[in-house]
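Visitor: So the sequence shown is numbered by my numbering: it starts at 926 and just counts up by one.
The beta-carbon is built from N, C-alpha and C at its ideal position, and this holds for glycine as well.
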Amino acid sequence: MHYSILEDWVDKGRTETLPDEMVEYLEQLTMVNQLWNSQNSPNKILQKLQASYPELNAKTARSRMDDAFTWFYLDDQVKKDAYRNMLFDKMLKLVDATIISATSPEDYDRASKILLRAYRVKQLDKDEEESIPEEAFKKPIKIYSLDTSEFEDLPEAPDRKLLAEYIDQMNVTEAQALRIKQDAGIEPKQLFDHEDSKERRQES
């Protein structure tokens, strides 16, 4: 319940003063995070949390610890990722401590192995899932126009008069020339061409 209120508060960018109960809740989360960063075990954290806040029972104290791990280590609201980030952070600190206290090549080798484990814990060895852009789900807008003058990347429309003259010079029949002109948009298309009409009259 408290965690949902905190999320809502942050998401909506509210600026009014938090209730005293929520202030105490945030203090408890901060305390858990500080204890964890001080290398305390989960059991030690629960003990110290309940000692500082006697009104918390074991179940509520555990809930506070889970909320703290989620709040301070989570980016996408998935608990597995929260613990993964938490462990990764711990392992990096362990690598630093191992290197600082190293006295032999074996110590550096041990640090590199810890670093490799941290790499795997963070799942950096796995390919990221490719997300489909939102644009792919949007219905494309199509514009149909005979006027191509506004589209600079399209070739210029041919001169209709010159094209008609060229078709007239082709070695084709008059009917074929008319059909070519119709297909080229120079002459209007008819429902039935002359040859078709002639054949229909002969059949009737």
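Could you round the C-beta distance between Q953 and L974 to whole angstroms and report it? I think they count as a contact, below 8 Å.
Guide: For the purposes of this step, residue 953 is identified with residue 28 of the sequence shown, where counting begins at 1. For the purposes of this step, residue 974 is identified with residue 49 of the sequence shown, where counting begins at 1. Your pair Q953 and L974 checks out as a contact, with CB atoms roughly 7 Å apart and the cut at 8 Å.
Visitor: Rounded to a whole number of angstroms, what is the C-alpha to C-alpha distance between T955 and L1049?
Guide: Within the sequence shown, the letter at position 30 stands for residue 955. Within the sequence shown, the letter at position 124 stands for residue 1049. Approximately 28 Å between the Cα atoms of the pair.
Visitor: Run the CB neighbour count on T995, radius 10 Å, all protein chains shown included, and call it buried at 16 or more, exposed below.
Guide: Walking along the sequence shown from the start, residue 995 turns up at place 70. T995 is buried by the Cβ-count criterion.
Visitor: Tell me which residue opens and which closes the alpha helix (DSSP H) that S1029 is part of.
Guide: As a position in the sequence shown, residue 1029 is number 104, starting the count at 1. That residue, S1029, is in no alpha helix (DSSP H); it is neither H nor E in DSSP.
Visitor: Looking only at its own chain, which residues have a Cβ that is under 8 Å from the Cβ of P1113, when we skip the five neighbours before and after it?
Guide: In the sequence shown, the residue the question calls residue 1113 occupies position 188. Within the same chain, and ignoring the five residues on either side of P1113 in sequence, the residues whose Cβ sits closer than 8 Å to its Cβ are Q1107.
Visitor: So what's N1010 in DSSP terms, helix, strand or just coil?
Guide: Within the sequence shown, numbered from 1, the residue matching residue 1010 stands at position 85. Looking at N1010 - three-state DSSP - the assignment turns out to be helix.
Visitor: Quick check on the burial criterion: 16 or more other C-beta atoms within 10 angstroms. Buried or exposed for L960?
Guide: Counting from one through the sequence shown, the residue named residue 960 turns up at place 35. L960 comes out buried.
Visitor: From the DSSP output, in three-state form, read off Y978 for me.
Guide: The residue labelled residue 978 in the question sits at position 53 within the sequence shown. It is coil, neither helix nor strand.
Visitor: So, at 6 Å on beta carbons, what are the nonlocal neighbours of F1013 in its own chain, with the 5 sequence-adjacent residues on each side left out?
Guide: Residue 1013 sits at position 88 when you count from the first residue of the sequence shown. Once the five neighbours on either side are set aside, the close Cβ partners of F1013 are A1043, V1046, K1047.
Visitor: Starting from the N-terminal side, write out each stretch of the alpha helix (DSSP H) that is 4 residues or longer and does not extend beyond the stretch 1084–1109.
Guide: With a minimum length of 4 residues, the unbroken runs of alpha helix (DSSP H) contained wholly in the stretch 1084–1109 fall at 1085–1093, 1099–1108.
Visitor: For A1027, which residues from the same chain have a beta carbon less than 6 Å from its beta carbon, with the 5 sequence-adjacent residues on both sides left out?
Guide: To locate residue 1027, count along the sequence shown from 1; it is residue 102. Counting only Cβ-Cβ distances below 6 Å, and skipping sequence neighbours, we find Y1033.
Visitor: Closest by CA to S966, which one among L943, M990, K984?
Guide: Translated into positions along the sequence shown, residue 966 becomes position 41. Closest by alpha carbon: M990.
Visitor: Alpha carbon to alpha carbon, how far is S963 from K969? Give it in angstroms, no decimals.
Guide: On the sequence shown, position 44 is the one that residue 969 refers to. On the sequence shown, position 38 is the one that residue 963 refers to. Each residue's alpha carbon lies about 11 Å from the other.
Visitor: Helix, strand or coil for A1015 per DSSP?
Guide: Along the sequence shown, read from residue 1 onward, the residue named residue 1015 stands at position 90. Correcting the residue type first, residue 1015 is Lys in the shown sequence and not Ala. Note: K1015 maps to helix in three-state DSSP.
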